[in-house]
Ligand code: SF4
Ligand code: SF4
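In full-length UniProt numbering, the protein residues as written are 1 to 347.
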């Protein structure tokens with residue numbers, strides 16, 4: 001397990017702990033966070049707000065949104081890669097799948113039953129937890145087995161349980177590609193200096209299979225191509241219909257990409273990252289792991305597919321002032337100040 005994998009598991013544990021734990025936390029005998037619709041008040045980390053004090057909550061939500069945009073503009077889609085509920089639940093389900101197969105010991109009939117039963121239990125607990133942010137969670141937990149829940153509570157628990165169950169089992173990364181609005185606005189949040197997952201075409205092109213033992217481009221002194229030539233090779237490989245058949249290169253001229261397609265096969269949304277980074281990439285790094293394995297087998301250094309910015313690959317000089325981080329940073333501070341002022345006045 002490398003550092004990135006460890007971080008993914010730590011964030012997953014933190015996000016799950018936060019989501020499932022928050023409705024149970026108490027402060028001076030009252031819920032720490034509860035949007036109590038029936039009693040028409042909000043308990044917010046020690047503050048007891050009336051429902052009409054909704055404006056500071058709105059400012060707070062906007063501050064969180066602006067902060068997410070700020071982090072995205074500076075560091076890329078860290079939210080998608082580590083913390084998004086869709087990512088966390090999909091990752092949890094895949095871990096469950098690995099556990100229920102018991103390393104291949106569980107029979108083909110037992111594994112799906114076990115996995116579906118466990119996932120249904122997690123989905124139900126997710127539904128209860130979600131409604132627990134709006135109605136005291138202890139009442140839900142005792143009311144459910146006694147069939148003593150209100151109509152709306154029962155409806156929303158069933159709704160969120162079903163959504164969690166079906167979302168992860170049937171939609172998984174399709175949510176990111178087709179449904180998620182955050183995914184759609186990525187191009188407006190980032191610039192050439194924002195890190196994302198890239199294939200280093202300067203090192204990898206021209207791609208091609210070759211016998212093992214030839215050494216990487218650095219080891220055999222071919223070195224990196226200039227960015228324009230590298231882009232040209234990528235275009236020719238991606239558009240054979242317009243660029244014509246690819247020439248055959250001697251092993252000495254080949255780049256480090258062995259054209260094994262492992263990155264393409266590993267991508268949960270079917271992207272070929274070698275064709276360039278796109279707004280659809282959720283930065284899951286599956287292609288990075290797959291390519292690193294190929295590099296290790298070929299005796300090449302890791303990092304042909306890596307997390308970096310397009311500006312860095314194109315060797316552009318860094319800039320000190322970037323419009324997007326500046327704008328989102330200012331908006332975050334502004335919304336935060338408005339939210340604090342509103343909360344203090346309402347509390
Ligand atoms: S596998 Fe690579 S290209 Fe595909 S979504 Fe994940 S990071 Fe992006
Ligand atoms: S996994 Fe690496 S070596 Fe294999 S095709 Fe993708 S970029 Fe090339």
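We treat Cβ as the ideally placed atom computed from N, Cα and C, and that holds for glycine.
Keep in mind that this is a model prediction, so the values were computed, not measured.
Pull up the DSSP beta-bridge partners for residue 305, would you.
-> 199
Mind listing, in chain order, the continuous alpha helix (DSSP H) runs of no fewer than 4 residues lying wholly within the region 74-155?
-> 85-100, 110-131, 137-143
Exposed or buried, residue 56, counting other C-beta atoms within 10 Å across all chains shown (16 or more means buried)?
-> buried
Beta-bridge partners of residue 47, as assigned by DSSP = 44
Sorry if obvious, but does the Cβ on residue 286 come closer than 6 Å to a heavy atom of ligand 1?
-> yes
Taking only the alpha-carbon atoms, compute the straight-line gap between residue 27 and residue 49 and give it to the nearest angstrom.
-> 14 Å
Simplified DSSP state of residue 28, which is helix, strand or coil | coil
Alpha carbon to alpha carbon, how far is residue 1 from residue 190? Give it in angstroms, no decimals.
-> 30 Å
Thinking just about the alpha-carbon of each residue, which of 124, 123, 97 is nearest to the one in residue 114?
-> 97
Tell me the DSSP bridge mates of residue 374?
-> This structure cannot speak to residue 374, because the chain is shown only from 1 to 347.
In the DSSP assignment, find the unbroken alpha helix (DSSP H) run with residue 236 in it and report its ends.
-> 227-238
Start-to-end residues for the alpha helix (DSSP H) that takes in residue 313 | 310-313
Ligand 2 heavy atom lying under 6 Å from the CB of residue 209 | no
How big is the Cα-Cα spacing for residue 227 and residue 119?
-> 47 Å
Less than 6 Å between the CB of residue 263 and some heavy atom of ligand 2, yes or no?
-> yes
Counting along the chain, where does the alpha helix (DSSP H) carrying residue 183 start and finish?
-> 181-184
Proximal residues to residue 25 (C-beta, below 7 Å), its chain only, five neighbours per side dropped | 32
Inter-residue spacing [alpha-carbon to alpha-carbon] between residue 215 and residue 326 | 44 Å
Neighbour-count burial assignment, residue 23, 16 or more Cβ in a 10 Å radius | buried
Which class does residue 316 belong to by DSSP, given the choice of helix, strand or coil?
-> coil
Please look up how many angstroms separate the CB atoms of residue 336 and residue 47, rounded, as I've assumed it's under 8 Å.
-> Contact doesn't hold; Cβ gap of about 16 Å is too wide.
Going by other Cβ atoms of all chains shown within 10 Å of its Cβ, with 16 needed for buried, is residue 244 buried or exposed?
-> exposed
Helix, strand or coil: how does DSSP classify residue 245 here?
-> coil
Count the other C-beta atoms from every protein chain shown that fall within 10 angstroms of the C-beta of residue 152, then say buried if there are 16 or more, exposed otherwise.
-> exposed
Under the assumption that residue 15 contacts residue 88 (Cβ atoms under 8 Å), give the Cβ distance between them as a whole number of angstroms.
-> 5 Å
From residue 320 to residue 193, what distance separates their C-alpha atoms?
-> 11 Å
Going by the C-beta, is residue 257 closer than 6 Å to any heavy atom of ligand 1?
-> no
So does the region 162-178 actually touch the region 250-263, counting three or more Cβ pairs closer than 8 Å?
-> no
In terms of alpha-carbon separation, which member of 53, 38, 6, 19 lies closest to residue 338?
-> 53
Comparing the CB of residue 382 with every heavy atom of ligand 1, is any distance shorter than 6 Å?
-> The first residue shown for the chain is 1 and the last is 347, placing residue 382 beyond what the model contains.
Residue 257 and residue 224 look like a contact to me (Cβ under 8 Å); what is the Cβ gap, rounded to whole Å?
-> The Cβ separation is near 13 Å, so there is no contact.
Over what stretch of residues does the alpha helix (DSSP H) that includes residue 252 continue unbroken?
-> It is not in any alpha helix (DSSP H) - residue 252 carries neither H nor E in the DSSP assignment.
Leaving out five residues on either side along the sequence, give the residues of the same chain with a beta carbon under 6 Å from the beta carbon of residue 292.
-> 302
Cβ-heavy atom distance between residue 267 and ligand 1 below 6 Å?
-> yes
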